[in-house]
Amino acid sequence: MKTNTLHFIILITITLCLSCKQKSQATLTQYKYADKNPTISCNIETDDLFKEALYSFENDIINAYDKNGLNKLRAYRTFITYSMTNRVQFDKIISKQTKAVFDVLKTHTNLWDGNHLNYNHNLLSCLTQKMMDKNLKTTFKALVSTNSMSQQIFTPALQSNTSYSNDPYLQTFIALDYFYAKLFQVDFNSVDFEANETNQKAV
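If you want our numbering, it's the position in the sequence shown, counting the first as 1, plus 392.
So this is what it looks like as structure tokens:
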């Protein structure tokens with residue numbers, strides 16, 4: 393009898409913990425890029441969110457760095473280079489949809505280590521495992537395993553690689569680590585979203 397009671401208490405505790413976790417995570421009310429091609433397959437519960445995060449990020453950087461040509465590879469190259477030299481003006485390129493996505497992403501607290509991406513999160517394990525470029529994958533894994541992963545160390549390897557033009561797993565990592573993680577530092581009260589979106593066109 394005592395065993396059954398103990399099992400019941402444990403079950404209730406787990407249920408309450410899961411309920412609290414679910415309530416703490418916000419949900420996205422509008423998926424602007426729902427009709428776009430699928431991106432990653434890591435967790436059926438969050439894949440759509442990270443798909444939206446990727447497409448919204450790409451829309452912002454393409455409009456910022458190759459608005460006329462709409463060349464995704466060129467936009468990625470410029471964005472990554474600017475990231476290394478702290479020249480990305482996030483407040484000037486972010487769209488309302490990207491802000492909405494970020495508001496949801498930041499409620500996934502385990503995804504972040506403070507204001508930085510948590511490289512030991514299950515999502516990162518999936519992204520790394522499914523990266524197309526073997527050398528980049530090896531470099532990433534080595535840096536994470538030795539607790540020395542940083543943009544300063546990883547970016548040179550990234551810059552010498554062009555697989556981010558067609559690898560959604562690498563693209564999602566770039567979007568999260570190089571873009572969304574930086575938004576924690578943005579004062580959104582000073583962002584003119586109307587001006588930003590006036591300068592954009594749909595990608």
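Note that CB positions come from ideal geometry on N, CA and C, so glycine has one too. Bear in mind the structure is a predicted one, so any value in this text is a computation, not a measurement.
Assigned exposure category for residue i - 16 Cβ within 10 Å defines buried
i, result
"Lys413", "Model confidence at Lys413 stands at a pLDDT of 45, short of 50, so the residue's coordinates are unreliable and nothing is read from them."
"Phe449", "buried"
"Ile436", "exposed"
"Pro548", "exposed"
"Ala467", "buried"
"Pro560", "buried"
"Asn558", "exposed"
Simplified DSSP assignment, three categories, for residue i
i, result
"Asp505", "strand"
"Ile436", "coil"
"Arg466", "helix"
"Ser448", "helix"
"Thr590", "helix"
"Lys602", "With the chain covering 393 to 595 only, the question about residue 602 has no answer from this structure."
"Pro430", "coil"
"Tyr425", "coil"
"Asn539", "coil"
"Ala534", "helix"
"Gln489", "helix"
"Ser517", "helix"
"Thr477", "coil"
Residue i versus residue j - alpha carbon distance
i, j, result
"Phe532", "Phe546", "7 Å"
"Thr438", "Thr564", "13 Å"
"Ala534", "Glu586", "43 Å"
"Phe471", "Thr499", "26 Å"
"Lys424", "Leu528", "31 Å"
"Lys491", "Ala418", "13 Å"
"Thr477", "Gln543", "11 Å"
"Ile486", "Lys526", "32 Å"
"Phe571", "Tyr457", "14 Å"
"Lys428", "Asp440", "11 Å"
"Arg469", "Asn588", "21 Å"
"Asp505", "Pro430", "27 Å"
Residue closest to residue i, alpha-carbon to alpha-carbon, out of the options
i, options, result
"Phe596", "Thr530, Lys526, Gln481 and Thr554", "Residue 596 is absent from the model: the chain starts at 393 and stops at 595."
"Gln422", "Thr554, His500 and Lys488", "Lys488"
"Ser433", "Tyr425, Phe442 and Ala426", "Phe442"
"Lys574", "Ile436, Asp483, Thr470 and Tyr447", "Asp483"
"Gln592", "Glu444, Ile453, Leu420 and Asn510", "Ile453"
"Thr590", "Asn455, Thr501, Glu444 and Asp505", "Asn455"
Three CB pairs or more closer than 8 Å across the region 457-467 and the region 508-520: Counting C-beta pairs with one atom in each stretch, the region 457-467 and the region 508-520 have fewer than three that are closer than 8 Å, which means they do not touch.
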